[in-house]
Structure formats: structure tokens, C-alpha cells
Amino acid sequence: MADTQPPEPMPTTSPMPTPARGSDTDPDEQLRDDEGHLVLRSPEQFKALGHPLRHRMVNVLRQRPATLRQLAQALEMSKGTIGYHVRVLREAGLVRLTETRQVRGGTEQYFALVSPSFKLHQDAEVGPEFLINAALGEMLPPQPGQASPTMLRHLWLTDAEAHALATRLRELTAEPHPADPAHGRAYGLLVSLFRADVPNLPPDDAP
Numbered sequence: 603m604a605d606t607q608p609p610e611p612m613p614t615t616s617p618m619p620t621p622a623r624g625s626d627t628d629p630d631e632q633l634r635d636d637e638g639h640l641v642l643r644s645p646e647q648f649k650a651l652g653h654p655l656r657h658r659m660v661n662v663l664r665q666r667p668a669t670l671r672q673l674a675q676a677l678e679m680s681k682g683t684i685g686y687h688v689r690v691l692r693e694a695g696l697v698r699l700t701e702t703r704q705v706r707g708g709t710e711q712y713f714a715l716v717s718p719s720f721k722l723h724q725d726a727e728v729g730p731e732f733l734i735n736a737a738l739g740e741m742l743p744p745q746p747g748q749a750s751p752t753m754l755r756h757l758w759l760t761d762a763e764a765h766a767l768a769t770r771l772r773e774l775t776a777e778p779h780p781a782d783p784a785h786g787r788a789y790g791l792l793v794s795l796f797r798a799d800v801p802n803l804p805p806d807d808a809p
């Protein structure tokens, strides 16, 4: 999932209360990091984000708040289906009602993400595979002339070097970029620094 980051140490908190059906979670009851980003930790949140359509919906809402009609048009789904999945995201505390406008023939509601990006709590039951599966689900086949590098390297690092590299990667992914279709095409960036299962050769005792 775009803009969802690996876990960082977070304070221990009590479980998040479950909101009423179709209502928004109280922002004061949500766990956030120092930058105000929502920290994901409840099974309800991961279940909501684990559905392919809701995952795509979250990515669409990163562009701007939208109505059910606009979401239905963008995702090519019925308005009723979109309404159900928006309700699930609201009850999980990921989406909120941000504006109501009077239009000809009725009222339109605008929905927005509660946070510009999400982070995984260090005690979350899911791990890196949650982000990897999300990225696999949204990858498009590469097209000629488009930048789409995928690389895997193995590095032998000290603990200090690994922490320094992790800091550089976080800074890279935190750089601001416009979420505007008029600016260009959507690209995903998945970054992972992990302990690799690579056996070590014994010392070479040959003369």
C-alpha cells in the first residue's frame, strides 16, 4: 500500500474503541506519531485495508476528498458498493466525513483520509508481508519507456550501518511529492531493509 510505512517504536496504549456503524472515530482516540500520521495497530484497520477494493479506494483518496459518486466513477463500481466500503473504512477510523454540500436534487458528502499516510505499530500482528502483498496487488505490468526498476541486493552491515541506512531510506520516502494526476502517472515505491537468510561460509583454511 502506498504511503504506509514500517513500524517504529511507539508508546503502549489501550485498545481503540469501536465506533458506531457509519460514524467516524474520534481523532483524539487514534494513535499518531510525532508528525501526525495515523499508526495502524487494530485488527479492524488491517482487515479494512486488506480488501483490494478498499486498498484502491485509499490510494484514490490520497489525491483529494471525494464523494461516493466520484469514487464510483474512478473505481468503475456501483455507488452502493462504494458506499458500503466507505462505511467500513470509516468504522475502522481510516476515512472521515469532511464536508457536506447542497447540490441540485440533494446533498453530497465528501470523504477524506484521516491522515496523509499510515504507519504500522511495532506491536501490530502483521509485518512487512502486509506491505509487500499490498504493493504486489497494485503493480501494473511495465510498459516500454517507463521507469520500473526492481532490484534485490544483499549487504553485510554492522548494526550502526544498518540503522544509518534505515534513516536514509525513511528520509527518501518522506520527501514530498504531488498526489495530482495532472502532474504525471502514479508510481509506487516499496522500500524494505530486512535481515536476510543468507548462510555464512566457514573460513577458508586452504593453504
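Using our numbering, read the sequence shown as starting at 603 and increasing by one per residue. Glycine included, each C-beta is placed from N, C-alpha and C at the ideal position. Computed from a prediction, not measured in an experiment: that's the story for all the values here.
- Here ALA781 is not near ARG706, since their CB atoms are 7 Å or more apart.
- In terms of CA proximity to ALA749, LEU791 leads the group MET659, LEU791, LEU655 and GLN672.
- Take HIS756, set aside five residues on each side of it, and the residues of its chain with a beta-carbon closer than 7 Å to its own are ALA798 and VAL800, in chain order.
- Rounded to the nearest whole angstrom, the C-alpha separation of PRO783 and GLN675 is 15 Å.
- Residue range 645-652 is occupied by the alpha helix (DSSP H) that includes PHE648.
- Counting other Cβ atoms within 10 Å of its Cβ, VAL697 reaches 16 or more and is therefore classed as buried.
- For the pair LYS681 and PHE713, the Cα-to-Cα distance works out to about 14 Å.
- Less than 7 Å divides the Cβ of ALA694 from the Cβ of ALA650.
- A straight-line Cα-Cα distance of about 8 Å links PRO730 and SER794.
- Contiguous alpha helix (DSSP H) elements confined to the segment 689-749 occur at 730-740, taking only those with 4 or more residues.
- In terms of CA proximity to GLN711, ARG689 leads the group ASN661, ASN802 and ARG689.
- Going by beta carbons, HIS657 and ALA736 fall inside the 7 Å limit.
- With contacts defined by Cβ atoms closer than 7 Å, HIS723 and ARG666 do not form a contacting pair.
- Shown here, ALA766 sits in a helix according to DSSP, grouped into three states.
- Ranked by Cα distance from TYR789, the options ARG772, LEU738, ALA764 and ASP807 are led by LEU738.
- If you draw a straight line from the Cα of THR709 to the Cα of PRO778, it comes to about 34 Å.
- By the C-beta density criterion, ALA762 is exposed, having fewer than 16 other C-beta atoms within 10 angstroms.
- By the criterion of a C-beta distance shorter than 7 Å, LEU640 is surrounded in its chain by GLN632, ARG634, VAL716, SER717 and PHE720, once the five residues flanking it on both sides are discounted.
- The beta carbon of LEU774 is closer than 8 Å to those of VAL793 in its chain, skipping five residues each way along the sequence.
- The three-state reading of DSSP puts LEU663 in helix, counting H, G and I together.
- In the structure shown, the three-state DSSP call for ALA668 is strand.
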